[in-house]
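Trainee: Take this structure, written in structure tokens, and hold onto it; I'll ask about it next.
In the numbering used here, the protein residues as written are 12 to 110.
In structure tokens, the structure reads:
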């Protein structure tokens, strides 16, 4: 059995940081170029379930921004208490519904 003495050199640290930065930038470029294509079908209503009522204002703002891009899709927010969320989600999925 041999013991390797590995030390992190400045060169390897800079190389790793550069590679991580390049990888991160690659993901950002792809997202910046993506454009949302508006749904052209008939009007649809979906339900968006979440458990944190403290986030309600932020979620309402997200829904309004979504509606500006997707006018044929109506999103109905539904607050479900944390203690009931997963049970209600499983029941809804089993019944062919989701929230």
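Beta carbons are placed, not taken as given, at the ideal position from N, Cα and C, and that holds for glycine.
#1: Does DSSP put residue 87 in a helix, in a strand, or in coil?
#2: As a quick exercise: from 109, 104 and 94, pick the residue whose alpha carbon is nearest that of residue 63.
#3: Are the CB atoms of residue 108 and residue 84 within a distance shorter than 9 Å?
#4: In chain order, what residues of the same chain lie with their CB nearer than 8 Å to the CB of residue 57, ignoring the 5 residues before and after it?
#5: State the Cα-Cα distance for the pair residue 76 and residue 91, rounded to the nearest angstrom.
#6: Give me the DSSP bridge partner(s) of residue 57.
Mentor: Looking at the atomic coordinates:
#1: Residue 87 falls in the strand class under three-state DSSP.
#2: For the residues 109, 104 and 94, the minimum Cα distance to residue 63 belongs to 94.
#3: For residue 84 and residue 108, no; Cβs fall outside 9 Å.
#4: Closer than 8 Å at Cβ, skipping near neighbours: 84, 85, 86 and 87.
#5: Approximately 22 Å, taken between the alpha carbons.
#6: Its beta-bridge partners are 86.
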